[in-house]
Amino acid sequence: MCNVTLEKIEEKEAHIHNHHHEKHEPQEHNHKSQKHEGHQEHEKHKEHTNHDHNEHHEHKEHIRHDHADHHRQMVRDFKKRFIISALVTIPILLLSPLVQQLFNFRFGFPGEKYILFALSSFIFFYGGWPFLEGFFNESKKKQPGMMTLIALAISVAYFYSSAVVFGLEGKFFFWELATLIDVMLLGHWFEMKSVLGASRALEKLAQLMPDTAHLIKGSE
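Numbering (the UniProt record's numbering), first residue to last: 1 to 220.
Right, here's the structure in full:
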């Protein structure tokens, strides 16, 4: 009788132990599964962060190159406008009465004032266009600046002298107009070259900087 009772007790304990073991196995499995999924999510987040960092770096590089290309284009544009305007200025100086009086020579022909007007018109609209465009942009922003001052000066000289050509009493200011535009183009050409040189120096300095930084906490 005692033996039967012991056997029943042992069977009951074994049943309880097995039931307890079966109950914990899924929990351990779920814990491992959650840990694995958490690791995968961390890796995905890390890859996503690296991808975003690379895209941000590429975007910065793209902006930097576009900025440098814009300055190079402006340097070429001012150089071209200056050279062409300076060449056209030579006959304007030769045909200007004030310049002829100043250097005591006479050079002229019938209709010379219309040639002078045509050459000066070319310089005003071609050589002076960057300043006229700058004036329009400053006017839209309601922030008058240097471009506004230059545009007003060359516009007054051009339109007044043009009126004199077509009957208004007065003197021409075409050579002053041409030389003013030439000087402004030359100054802006040199200015853009200096800005481009500074941009290149900053690009080289930026290349020395690391793309990533590691934060060390404590004694790590």
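We treat Cβ as the ideally placed atom computed from N, Cα and C, and that holds for glycine. All figures in this text were calculated on a predicted structure; none of them were measured in a lab.
### Task
Ignore the nearest five residues each way along the sequence and tell me which others in Leu-102's own chain have a CB closer than 8 Å to its CB.
Translated into positions along the sequence shown, residue 102 becomes position 102. Cβ within range, chain order: n/a, list empty.
### Message
To the nearest angstrom, how far is the alpha carbon of Leu-152 from that of Val-99?
### Response
What you label residue 152 is simply residue 152 of the sequence shown in a count that begins at 1. What you label residue 99 is simply residue 99 of the sequence shown in a count that begins at 1. The alpha-carbon atoms of Leu-152 and Val-99 are separated by roughly 24 Å.
### Task
With a 10 Å radius around its C-beta and 16 neighbouring C-beta atoms as the bar for buried, classify Tyr-158 as buried or exposed.
Against the sequence shown, residue 158 aligns to sequence position 158. Label assigned to Tyr-158: buried.
#### Entry: For Ile-181 and Ile-123, believed in contact at Cβ under 8 Å, the rounded distance
Start at 1 with the first residue of the sequence shown, and residue 123 comes out as number 123. Start at 1 with the first residue of the sequence shown, and residue 181 comes out as number 181. Sure, about 6 Å apart at Cβ, within 8 Å.
### Query
Straight-line CA distance for Phe-172 to Tyr-160?
Start at 1 with the first residue of the sequence shown, and residue 172 comes out as number 172. Start at 1 with the first residue of the sequence shown, and residue 160 comes out as number 160. If I take the Cα positions, the gap works out to 8 Å.
#### Entry: Rounded C-alpha distance that separates Ala-163 from Tyr-114
Working through the sequence shown from its first residue, we reach residue 163 at position 163. Working through the sequence shown from its first residue, we reach residue 114 at position 114. The alpha-carbon atoms of Ala-163 and Tyr-114 are separated by roughly 12 Å.
### Boundaries of the alpha helix (DSSP H) in which Glu-138 is found, first to last residue
Within the sequence shown, residue 138 is the residue found at index 138, counting from 1. Where Glu-138 is concerned, the enclosing alpha helix (DSSP H) stretches over 129-141.
### Query
Start and end of the alpha helix (DSSP H) containing Tyr-114?
By 1-based counting over the sequence shown, the position of residue 114 is 114. Taken as a continuous stretch (DSSP letters only), the alpha helix (DSSP H) holding Tyr-114 covers 112-122.
### Asp-211 - DSSP class collapsed to helix/strand/coil
Within the sequence shown, numbered from 1, the residue matching residue 211 stands at position 211. Correct three-state label for Asp-211: coil.
### Task
With distances taken Cα to Cα, identify the nearest neighbour of Val-88 among Ile-154, Phe-190, Gly-127.
Along the sequence shown, read from residue 1 onward, the residue named residue 88 stands at position 88. Checking every option, the nearest Cα to that of Val-88 belongs to Gly-127.
### Query
What number of angstroms, rounded off, separates the C-alpha of Glu-138 from the C-alpha of Arg-106?
In the sequence shown, counting from the first residue as 1, residue 138 sits at position 138. In the sequence shown, counting from the first residue as 1, residue 106 sits at position 106. Rounded to whole angstroms, Glu-138 to Arg-106 spans 43 Å at the Cα level.
### Message
Taking the straight line between their C-alpha atoms, what separation do you get for Val-156 and Lys-142?
### Response
Translated into positions along the sequence shown, residue 156 becomes position 156. Translated into positions along the sequence shown, residue 142 becomes position 142. If you take the alpha carbons of Val-156 and Lys-142, they lie about 21 Å apart.
### Message
In this structure, how does DSSP classify Lys-217 when only helix, strand and coil are distinguished?
### Response
On the sequence shown, position 217 is the one that residue 217 refers to. The answer is coil: DSSP assigns Lys-217 none of H, G, I, E or B.
### Message
Here's the rule: buried if 16 or more other CB atoms are within 10 angstroms of the residue's CB, otherwise exposed. What is Thr-212?
### Response
As a first step, residue 212 is located in the sequence shown; it is residue number 212 there, counting from the start. Exposed: under 16 other Cβ atoms inside 10 Å.
### Message
Only counting the same chain, and skipping five residues up and downstream in sequence, which positions put a Cβ closer than 8 Å to that of Ser-96?
### Response
Numbered from 1 along the sequence shown, position 96 holds the residue referred to as residue 96. Here the set comprises Leu-116, Phe-172, Phe-174, Trp-175.
### Query
Roughly how many angstroms separate the alpha carbons of Leu-185 and Pro-110, rounded to a whole number?
Residue 185 sits at position 185 when you count from the first residue of the sequence shown. Residue 110 sits at position 110 when you count from the first residue of the sequence shown. So the alpha carbons of these two residues sit roughly 32 Å apart.
#### Entry: Within 8 Å, strictly: CB atoms of Met-147 and Phe-125
For the purposes of this step, residue 147 is taken as residue 147 along the sequence shown, with counting starting at 1. For the purposes of this step, residue 125 is taken as residue 125 along the sequence shown, with counting starting at 1. In this structure, Phe-125 does not lie closer than 8 Å to Met-147 by Cβ.
### Task
List the endpoints of the continuous alpha helix (DSSP H) containing Leu-149.
To locate residue 149, count along the sequence shown from 1; it is residue 149. That run of the alpha helix (DSSP H) goes 146-165.
### Message
Measuring straight from C-alpha to C-alpha, what distance separates His-214 and Trp-189?
### Response
Taking the sequence shown and counting its residues from 1, one reaches residue 214 at position 214. Taking the sequence shown and counting its residues from 1, one reaches residue 189 at position 189. The alpha-carbon atoms of His-214 and Trp-189 are separated by roughly 43 Å.
#### Entry: Nearest candidate by alpha-carbon position, reference Leu-119, set Leu-196, Gly-145, Leu-177
Taking the sequence shown and counting its residues from 1, one reaches residue 119 at position 119. Comparing Cα positions, the closest option is Leu-177.
#### Entry: Helix, strand or coil at Glu-169 according to DSSP, with G and I counted as helix
Counted from its first residue, the sequence shown places residue 169 at position 169. The answer is coil: DSSP assigns Glu-169 none of H, G, I, E or B.
### Message
As a quick exercise: from Ile-90, Trp-129, Pro-91, pick the residue whose alpha carbon is nearest that of Arg-81.
### Response
As a first step, residue 81 must be located in the sequence shown, where it is residue number 81. With distances taken between Cα atoms, Arg-81 lies closest to Trp-129.
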